[in-house]
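In the working numbering, the protein residues as written are 364 to 911.
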């Protein structure tokens with residue numbers, strides 16, 4: 364029955380989402396069989412008919428379709444109910460399957476639940492040991508190696524946040540601050556390509572954690588992501604004006620853009636590993652929960668199918684990772700273990716502004732684009748509020764670039780004190796989550812954000828910026844900073860802390876009280892850095908890969 368339900372679900376999903384194909388790992392089936400299967404799926408209609416034939420077969424009692432495939436050169440195959448979704452040449456011989464009660468159970472040495480920024484980094488590093496089989500499970504699609512040309516343009520284009528596709532349906536349609544990317548690479552596939560370290564004090568996470576101990580991994584992550592600083596002549600006129608106005612507070616920050624492509628973790632870590640026979644990628648596969656036996660993680664349940672592993676690493680984001688643990692019975696009121704899973708949610712909080720662009724800005728930007736192209740994230744003005752803790756910066760002003768009827772900027776509080784939570788609304792993995800960021804519940808955050816917005820307005824009034832902008836369109840000059848902050852404050856897409864080191868995890872990211880169960884992603888970060896979180900998250904995976 365489970366296979367029938369999965370096939371019906373796969374059929375519906377396939378009809379609704381042309382061109383998005385499941386990739387599920389399967390043991391070696393032989394080149395001849397693979398070639399025959401590939402030849403049978405030359406068109407979209409053939410794929411659909413193949414799926415419908417599978418459904419009819421199951422309805423008449425066929426069993427044993429729950430197998431997994433890992434091959435190296437992607438080719439389009441029928442959407443499966445545990446049948447391969449991609450063919451890639453060499454087969455994953457390390458993925459061993461055993462039959463149990465009429466189904467297939469795949470076994471791996473390491474199971475990574477979530478193919479986002481940290482999950483991709485873990486998969487790439489851990490699969491370097493060819494004696495260990497690694498399985499990376501991702502709820503969204505995998506479009507294969509960059510060179511195959513199948514990645515959507517909005518994900519590749521670093522000029523804009525790719526917030527119109529591949530999103531988890533977790534947020535109110537009006538509130539994009541909860542947006543998480545459902546695709547291999549995760550949020551590194553739709554962000555602003557800003558690569559910044561936090562202040563040294565941001566990495567004092569307890570025993571064994573300090574900036575000195577973490578710095579080598581920050582460096583390694585930055586190098587693997589191919590980060591670089593844009594030369595001054597490649598800064599847009601808008602960004603250059605803010606840099607000049609910001610003076611010593613200005614940062615021309617590194618970006619992870621390679622040949623005009625947003626270089627996300629999938630490209631940086633997974634693409635070099637795709638030819639390894641010990642790496643399996645299960646795309647379009649939704650994780651339900653971790654399987655636990657006698658205080659040990661032994662695998663996971665994903666799309667109704669059991670995956671077994673010696674080590675399980677949850678890497679599903681600051682929203683998804685606590686949800687998986689909560690569904691596994693680990694949480695504040697868990698029936699397996701009581702830990703503060705889902706507590707401590709924190710994100711950078713900010714507000715925006717927009718102005719009319721002047722003719723001078725439009726003309727200079729058009730000329731700049733023709734020669735250099737345009738990138739969204741180039742310059743940040745970092746400052747300290749009156750109440751800023753020592754050793755860090757708690758105010759960021761970010762001049763965005765979206766020239767049309769308006770030109771924009773934003774201001775952020777980078778060390779917020781407010782905390783929120785992530786809760787389940789239902790036991791099913793498809794159910795929406797109850798996400799409460801608690802923005803501005805600590806009045807000190809309001810005060811800092813008001814200062815940040817006033818700093819943004821001051822920069823807009825500077826001699827350097829004023830020639831490029833006209834009237835303030837949003838919120839409008841008549842609206843005070845505090846009124847604007849209280850009415851419009853939103854997150855910066857940087858949630859952390861919901862499975863934090865020190866409260867849910869030990870210093871090596873192991874879930875307290877359990878063997879072989881780890882959480883490695885932004886949810887493990889106990890102290891939000893005063894910087895965009897992508898680099899810190901990938902560096903955490905770099906370090907964790909050495910002890911997993």
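Positions of the beta carbon are idealized from the N, C-alpha and C atoms, including for glycine. Please read these numbers as outputs of a predicted model, since none were measured by experiment.
- Along the stretch 630-677, the beta strand (DSSP E) occurs as fully enclosed runs of 3 or more residues at 642-645, 650-656, 659-665 and 668-677, listed in sequence order.
- CA-to-CA, the gap between residue 862 and residue 684 works out to about 8 Å.
- When beta bridges are read from the DSSP output, residue 743 appears opposite 614.
- A distance below 8 Å between beta-carbons, with the five flanking residues on each side excluded, links residue 737 to the following residues of its chain, in chain order: 522, 599, 728, 731 and 764.
- Around the beta carbon of residue 790, fewer than 16 other beta carbons sit within 10 angstroms, so the residue counts as exposed.
- Annotation for residue 716: no alpha helix (DSSP H) segment contains it, though the beta strand (DSSP E) segment containing it runs 712-720.
- Restricting attention to 875, 818 and 901, the CA atom closest to the CA of residue 605 is found in 818.
- Under the criterion of beta carbons closer than 8 Å, residue 512 and residue 632 do not qualify as touching, at roughly 20 Å.
- For the stretch 825-898, the full-length alpha helix (DSSP H) segments reaching 4 residues or more read 844-851 along the chain.
- Residue environment analysis places residue 710 among the buried positions, since at least 16 neighbouring C-beta atoms fall within 10 angstroms of its C-beta.
- Under DSSP, residue 625 takes part in a beta bridge, and its partners are 620.
- Contact between the stretch 711-719 and the stretch 882-889 is not established, with fewer than three Cβ pairs separated by less than 8 Å.
- Assigned with DSSP and collapsed to three states, residue 799 falls in strand.
- DSSP lists 474 and 643 as the bridge partner or partners of residue 498.
- Per the Cβ contact rule, the stretch 551-561 is in contact with the stretch 896-909 (3 or more Cβ pairs under 8 Å).
- Assigned with DSSP and collapsed to three states, residue 592 falls in coil, not helix or strand.
- Looking from the CA of residue 643, the closest CA among 618, 672 and 596 belongs to 672.
- The three-state reading of DSSP puts residue 573 in coil, since its state is none of H, G, I, E or B.
- With contacts defined as CB atoms closer than 8 Å, residue 688 and residue 704 qualify as a contacting pair.
- In this structure, the alpha-carbon of residue 794 lies about 11 Å from that of residue 651.
- For residue 687, there is no enclosing beta strand (DSSP E); the residue is part of the alpha helix (DSSP H) that begins and ends at 680-690.
- Spanning the alpha carbons of residue 514 and residue 503 requires a straight line of approximately 13 Å.
- Residue 770 is bridged by DSSP to 718.
- Beta-bridge partners of residue 693 (DSSP): 700.
- A Cβ-Cβ distance of about 23 Å is found for the pair residue 691 and residue 484, leaving them out of contact under the 8 Å criterion.
- CA-to-CA, the gap between residue 548 and residue 823 works out to about 35 Å.
- Looking only at 623, 619, 693 and 669, the smallest Cα-Cα distance to residue 895 is reached by 619.
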